[in-house]
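Chains as they are written, first to last, in the numbering used here: chain P, 1 to 180; chain G, 181 to 542; chain A, 543 to 795.
Read the structure below first, then the notes.
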Amino acid sequence: MKEEIIISGFGGQGILSMGKILAYAGIMEGKEVTWMPSYGPEQRGGTANVTVILSDKRINSPVLNTYDTAIVLNQPSLDKFVNCVKPGGTLIYDPANILTPPSRTDINIYTIEAMSESAKMQNLKVFNMLLLGGLIKVRPIVTVEDVVQGLRKALPERHHHLIPMNEEAIRHGMEIIQRL
Amino acid sequence: MHNDHEILLLKGNEAIAHAAIRYGYDGFFGYPITPQSEILETLALLRPWETTGMVVLQSESEVASINMIYAGGSTGKCVLTSSSSVGISLMQEVIPYMAISEVPALIVSVQRGGPGLGTIQPSQSDYTQAVYGGGNGDYHNIVLAPCSVQESCDMVGLAKELMMKWRTPVIILSDGSIGQMMEKCTLPPYTPRRTDEEIRQQCPWAVNGLGIKSRKPNVVTSLELDQAFMEKRNKALQEKYKQIENTEVRAEYYLTDDAETVIVAFGSAARISMGAIDILREQGHKIGLLRPITLWPFPNNEVLELSKRAKRILVVELNEGQMLRDVEWASQFSCPIDFIGHSGGVIMTPDEIVEKICSIAK
Amino acid sequence: MDEKIIKSPENIVYQKPRLMNDNTMHYCPGCGHSIVHKLVAEIIDEMQMQDQTIGVCPVGCAVFAYRYLDIDWIEAPHGRAPSCASATKRLWPNHLVFTYQGDGDLACIGTGETIHALNRGENITIIFINNAIYGMTGGQMAPTTLMGMKTSTCPYGRQADLHGFPLKISDIAATLEGTCYVTRQAVNTVGNIARTKKAIRQAFENSLQGRGSSLVEIVSTCSAGWKMSPEQSNKWLAENMLPYYPLGDLKKL
C-alpha cells in the first residue's frame, strides 16, 4: 500500500497540521510516512501545500510530480494540481473557493462543503478535520481510531480536551463528502 | 523519561535535537538561523539540563558557538552546534583549530540556498565548504550526509562514535528539506552521559584538570613557533586521515546490480533520484543509485568500480556540480558522466531526472 | 651564610610559585604579564585548585601563558576566550575557569564575546591586561591606545577623527547585570601588585561561588611597544594611563 497525497490551499487553513495528523495516523498503523511542506517557486502566490506519503515500504522521493489524491482548497491550487492526479486517482475540493470546477473524467472527484459546514458549526477551526474525515471516507487509508490516536500524539496534552470535538468533526466530514 | 525506543513523527531538525539528548551529548551551543532553528528550539522545549544534565546555550553568534564547542570538546565533553550556510561560513575559522588540535565535536550544517544570504530553501551547495573546508590549512572533516529524518537521528549517534574514536570534527551535512520535512523516526533509548571519571579515563589528553597532579598539564593549541614541528603535526594528521579513508567510507547501493546507468547523489537529491529510479525501472530502464553516506571520506573505490561496469553515470545535486568533481576524479573517467542540478533553493522533481535519463540513455 | 642554610624551609621568605615552571619566559624586560602570571599561579596554588582549573589563553603576548603555568589550558582563537570559557564553565560547573586576555583580544576583536559572556553572568573570571598597545605584533594601535599616543599604525599619534577614542571596556562591563565584580588594578608598584593579587583572588572566589562574572582589568606596561625603559614605562603608566584608566573597583556586589 502506498498513498501519495497533496493538500493545497491558502496559508492559515490548517493544511500543514491536517497533513501532520494524517501522517501520525499512518504511524499508528505502522506505516512509513513523509510530510513535506511546499518548497521552491510554487510557494509564491499565497498558497501553502504539503505532500503526505503513507506507505508500507520505505518511501523514496518525498518530492512528487503526480499524486494518488489531491485535496485542493482554492482555485490556484486546483488549477495547479488537477492535472497531477494520476488517472483513476482522487480529487477532493471545497466548492466554497472554486469558481471553475474540474472537468477531468478519468479521476474520481468529490466535493466537501467544509467551509460552510464549519461556519454552521460555529467553529472554523474544525475545517481541516472535516476535510480529513472526508478524505478517509473516500480513501480509507487510515481509520478514525488511528486519527484520534494520531491527534493524541500530535497535540500537546493541554489540547487533549479538544480531541472529542475533532473526532466528531472527522465523523461529520465522512458524512458530508459527496461524489460529483 | 522513557528509557526505551520511542516512535515519533519528527522534522529532521527535531530528530537531531532528540538524538543529541538520547545519545548522551553533554552540550549544545548554537545561534538561530533558518532553516535549522528547530534544533535549538526543540532542545529548549525538552529542557535536557533537568534530565540528562545536558547543557543548552543560545550563543551570541555562530562565531561564539563554534568556539564554545571547540572549548567543550577540548575538555573531553561531547558537544555539538548547528547552523545553516552563512552561519557555517562564520564558523570556518575555528574548524581547523579543532582538526589540528584533534578536538572532537559535531557541527550540524542544514544547508540553504546560496551564495551569501541566498534563500531559506534547501540546497546542497555547501558540499565543497564541508568536504574541502572553508578554513585554512591541510585538514578534513568527516562529513556525514543523511537522506531521511531517521538517518539524521542515527547520524548523531554515529558522529559521536566517530568524533571520539578519531578525535576530529564531524559534520552532519543536512539540508532545508531534510531538516523541515517530517517522517517517522524511531528514537534510540537514552545513553547516560559519561561521568567525570569516565572522561578522565577515556580522554587522557583532555583539558579539564582532572588528574593533573599525576600527569603533565594538558594544553589544546594549534600554535607552533617551530615550523619543523608544525610539519610533523601535519604529517601525523595526514596519517590519521589515511586511516579514516581506509576504514570509514560508507555508501548505499540501490538497484545497482544490473544497472547500466548509475546515478550518484547524496542526501535529499538521492531521495528524489530514488523516486526517479522507481519510475524508470517500471519503464524498463536498468538504473540504480550509489548514495555516498560519508562525503569525506568519499567512496572513491565504490564509484570507480561502478563506473567500470556502467554505461554512464549521472550525478544529481542541489547545486551547480560540486560533488561532480569528486565523482569524475574517482571514476577516472571510465564512463561518460552527466550532471543535473538546481541551486539557489530550487528542488528538482523526479520527472526532471527521468527526462534527463531518457535523453542520455537512448 | 651557607647556601643550604639559606634554602632551609624555616629561612625561606620568598619563592617561585609552585605552579610556575622553569620554562624561560618570552616576555620583554619590564613587561607586566610575568607579574600577573606569578600572581595567578600563587592564587590557584593557595586555593588548592590546580586539579580543577582550566585557563583560556588569548592571541596576543600571553598566547604562550600555557608554557609557564602548570595547569590545563585551552588556546582560544583571537578574541574568543570568553566563549571558550563560557562553555567550559557550563560543562564543568565546579571548576575554576578564567581567561587571560590583552586589550586587542578582549576589547577589539573579541568585544562581542566579552560583553555577552559578562552579560550572561557566566561564572568565570576575565583577567584583562591593558597596556594600550599591540605588543605581540610589534606595537600597533590598540582600542585602548590613549589619545595622542604614537604606535606603528598611528605614527603621528591617535586622533579622534582618524581612530576614534580609547575604549573603557571595564566601565561598560560594570553596567552589565551579569557582572558581580569589575575592578581596575595595576602592577607598576609593589602596593598595586598586592592589590591586584587580592582582586584576582576575589574574582576567582566569585567564580567558584557562582556569583556571576568578574572582570579584573590590569593596567600594565609594554616597554618594548612604548619604546621606553622598564623604569620609564612605570613612570609613564602612572602619569598617562592612570588618569584615563583610574584604579579601583568599578562594581562590587
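Positions of the beta carbon are idealized from the N, C-alpha and C atoms, including for glycine.
Any C-beta of chain A under 8 Å from that of residue i
i, result
"G:Tyr250", "yes"
"G:Gly267", "no"
"G:Ser241", "yes"
"G:Lys420", "no"
"G:Ser206", "For the record, residue 206 of chain G in the displayed sequence is Asp; it is not Ser. Yes, G:Asp206 counts as interfacial toward chain A."
"G:Ala325", "no"
"G:Thr255", "yes"
"G:Pro397", "yes"
"G:Val496", "no"
Beta carbon proximity, residue i to chain B, threshold 8 Å
i, result
"A:Thr595", "Looking at the structure shown, chain B is missing, and the protein chains on hand are P, G and A."
Under 8 Å from the C-beta of residue i: neighbouring residues of chain A
i, result
"G:Asn388", "Ile596, Asp614, Trp634, His637"
"G:Val400", "Trp615, Ile616, Glu617"
"G:Gly391", "Asp593"
"G:Glu273", "Pro619"
"G:Val483", "Result: empty, since nearest Cβ-Cβ is about 36 Å, beyond 8 Å."
Among the options, nearest to residue i - alpha-carbon criterion
i, options, result
"A:Trp768", "A:Glu747, A:Leu784, A:Val729, A:Gln682", "A:Gln682"
"A:Glu588", "A:Arg743, A:Asp614, A:Val732, A:Ala604", "A:Arg743"
"G:Gly207", "G:Gly253, G:Leu417, G:Val243", "G:Gly253"
"A:Asp614", "A:Gly597, A:Gly621, A:Cys603, A:Val601", "A:Gly597"
"P:Ala48", "P:Gln75, P:Thr66, P:Leu180, P:Lys153", "P:Gln75"
"A:Thr695", "A:Ile616, A:Tyr676, A:Ser712, A:Phe707", "A:Tyr676"
"A:Ser749", "A:Gln557, A:Thr687, A:Gln594", "A:Gln594"
"P:Gly30", "P:Asp68, P:Leu54, P:Lys20, P:Met174", "P:Leu54"
"P:Tyr93", "P:Pro87, P:Asp106, P:Phe81", "P:Phe81"
"G:Met528", "G:Lys364, G:Gly464, G:Ala450, G:Leu338", "G:Ala450"
Chain-order list of residues whose beta-carbon lies under 6 Å from that of residue i (same chain, five-residue window excluded)
i, result
"G:Leu342", "Ile322, Val350"
"G:Met344", "Pro284"
"A:Ala583", "Pro559, Leu561, Met562, Leu611"
"G:Ser402", "Tyr277, Ile280, Ser281"
"G:Gly293", "Thr299, Gln301, Ser303, Gly524, Gly525"
Partners in chain G for residue i, counting only beta-carbon separations shorter than 7 Å
i, result
"A:Ala618", "Asn247"
Residue-level contact to chain G via CB, residue i, 8 Å cutoff
i, result
"A:Thr717", "no"
"A:Ala629", "yes"
"P:Gly40", "Any reading at P:Gly40 must be qualified, since the residue scores a pLDDT of 45, below 50, and its modelled position is unreliable; the value itself is stated next. Yes, its Cβ sits closer than 8 Å to a Cβ of chain G."
"A:Arg622", "yes"
"A:Gln643", "no"
"A:Gly752", "no"
"A:Tyr608", "yes"
"A:Ser625", "yes"
Any chain P beta carbon closer than 8 Å to residue i
i, result
"G:Arg202", "no"
"G:Ile443", "no"
"G:Arg451", "yes"
"G:Met335", "no"
"G:Asp437", "no"
"G:Pro530", "yes"
"G:Gly294", "no"
"G:Gly468", "no"
Contacting residues, own chain, Cβ-Cβ under 7 Å from residue i (five flanking each side not counted)
i, result
"P:Gln43", "Caution is warranted here: a pLDDT of 48 is assigned to P:Gln43, below 50, making its placement in the model unreliable, and the coordinate value is therefore given only provisionally. Here the set comprises nothing."
"G:Trp229", "Val235, Val236"
"G:Ile164", "Residue 164 of chain G is absent from the structure shown; chain G starts at 181 and stops at 542."
"G:Thr308", "Gln502"
Closer than 8 Å at the beta carbon, the chain P residues around residue i
i, result
"G:Leu189", "Lys20, Ala23, Tyr24, Ile27, Val33, Trp35, Lys153, Ala154"
"G:Gly447", "The premise fails here: G:Gly447 is roughly 12 Å from chain P at the closest Cβ pair, so nothing lies under 8 Å."
Within chain G, partners of residue i - CB distance below 8 Å
i, result
"A:Val605", "Leu403"
Proximal chain P residues relative to residue i, where beta-carbon distance stays under 7 Å
i, result
"G:Asp458", "Asn60"
Listed by chain order, chain G residues near residue i by CB distance under 9 Å
i, result
"A:His658", "Ser239, Glu240, Ser241, Ala244"
"A:Gly654", "Glu240, Ser241, Val243, Ala244"
Contact set for residue i: own chain, Cβ-Cβ below 8 Å, skip 5 residues either direction
i, result
"P:Gly40", "In this prediction, P:Gly40 scores a pLDDT of 45, lower than 50, which makes its location untrustworthy; no coordinate-derived value is stated."
"G:Arg373", "Gly204, Tyr205, Asp206, Thr232, Gly233, Met234, Cys258"
"A:Phe670", "Gln643, Gly644, Asp645, Leu648, Ala649, Ile711, Ser712, Leu757, Val758, Glu759, Ile760"
Interface residues of chain A facing residue i [CB-CB closer than 7 Å]
i, result
"G:Val235", "Arg632, Leu633"
Contacting positions in the segment 347-380 of chain G - beta carbon closer than 8 Å to chain P = Gly356, Ser357, Gln360, Met361, Met362, Glu363, Lys364
Going along the chain, which residues of the segment 47-77 of chain P sit with their C-beta nearer than 8 Å to a C-beta in chain G?
-> Ile59, Asn60, Ser61, Pro62, Val63, Leu64, Asn65
Along the segment 275-292 of chain G, what residues have a CB closer than 7 Å to any CB found in chain A?
-> Tyr277
Positions along the segment 204-233 of chain G whose CB lies within less than 8 Å of some CB in chain A | Asp206, Gly207, Phe209
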